[in-house]
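>
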Amino acid sequence: MAVRKKLLVEGTDDENVLKHICGTRGVGRLDKVKNLGGFYKLRASIPAELRESDLEAVGVVVDADTDMNSRWQSIRDQIISVGYQSVPIQPVVDGTILDPPEGTLLPKVGIWIMPNNRTDGILENFLRFLVRPPNDLFDHVEASVAAIPQEHRRFKDLDEIKAIIHTWLAWQEDPGQPYGIAITAGFLDPNIAEVDPLVSWLKRLFFDS
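If you're matching positions, the sequence shown starts at 1377 in our numbering and goes up one per residue.
If you want it as structure tokens, here you go:
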């Protein structure tokens, strides 16, 4: 069966989160969610992935990490190298979508920079949106992680949000569930308004003609 709708992601957590959001929010069926094993492998694969035959649409989801502008420019350069034109200097806040160049068999392309196309961060910054406020337990999680003495902190500053999300999931009725299952279980709420722009981008990219 030909792959026509394909989503490229950095890792297993991204893959599971996006599959569960697509399922719970009625996005529709994607032919393939492909885990490339990290940002740099994903970036390097973009030209070959876009040139595969029979594709209708390809989505790219990456973390902004510590420098959203640098990450965007890195992805932008790869897409331009394939022949796409009018690629914006900055990511579109609601998710970037590019029509294929005229006279080519290239697919429509979409890019989403986690968490929200506006700020630095990683997948877990997006998952923070999925904890519906107010939530006293989550406030306690954040305070507990923040209170760890500096000499005992084993994680980088960028990964503090990852420590928070994992602690939040460890304190649930069924502790330590993977992100995707945590969404299905309701520990992370995919119906919260902050998820709507991502869902809209997925629907426009893959299912709007």
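Note that the Cβ used here is the ideal one computed from N, Cα and C, for glycine as well.
No experiment lies behind these values; they were computed from the predicted model shown.
Compare the beta carbon distance of V1403 and L1383 with 8 Å and say whether it is the shorter of the two.
Not closer than 8 Å, so no.
> Select from D1441, R1494 and K1395 the residue whose C-alpha is nearest the C-alpha of K1532.
The residue with the shortest Cα to Cα distance from K1532 is D1441.
> Give me the DSSP bridge partner(s) of K1381.
DSSP, once it has assigned bridges, lists A1433 as partnering K1381.
> Applying the criterion that 16 or more other CB atoms from any shown protein chain within 10 Å of the CB defines a buried residue, is Y1416 buried or exposed?
Y1416 comes out exposed.
> Apply the 10 Å Cβ neighbour rule to P1491 and answer buried if 16 or more other Cβ atoms are within range, or exposed otherwise.
So P1491 counts as buried.
> What are the partner residues of I1489, as DSSP defines its beta bridges?
According to DSSP, I1489 bridges with V1438.
> Using three-state DSSP, classify V1469 as helix, strand or coil.
Coil at V1469, not helix or strand.
> Is it right to say L1394 is buried, meaning 16 or more other beta carbons lie within 10 angstroms of its own, or is it exposed?
With 16 or more Cβ atoms within 10 Å of its Cβ, L1394 is classed as buried.
> Taking the alpha carbon of L1481 as the point to measure from, which residue in V1458, K1579, K1538 and S1450 has its own alpha carbon closest?
Nearest of V1458, K1579, K1538 and S1450 to L1481, Cα basis: V1458.
> Quick check: the Cα distance between W1332 and E1527, rounded to an integer number of angstroms?
Given a span of 1377 to 1585 for the chain in the structure shown, any question on residue 1332 remains unanswerable.
> Would a C-beta distance cut-off of 8 Å place I1568 and F1505 closer than the cut-off?
Closer than 8 Å, so yes.
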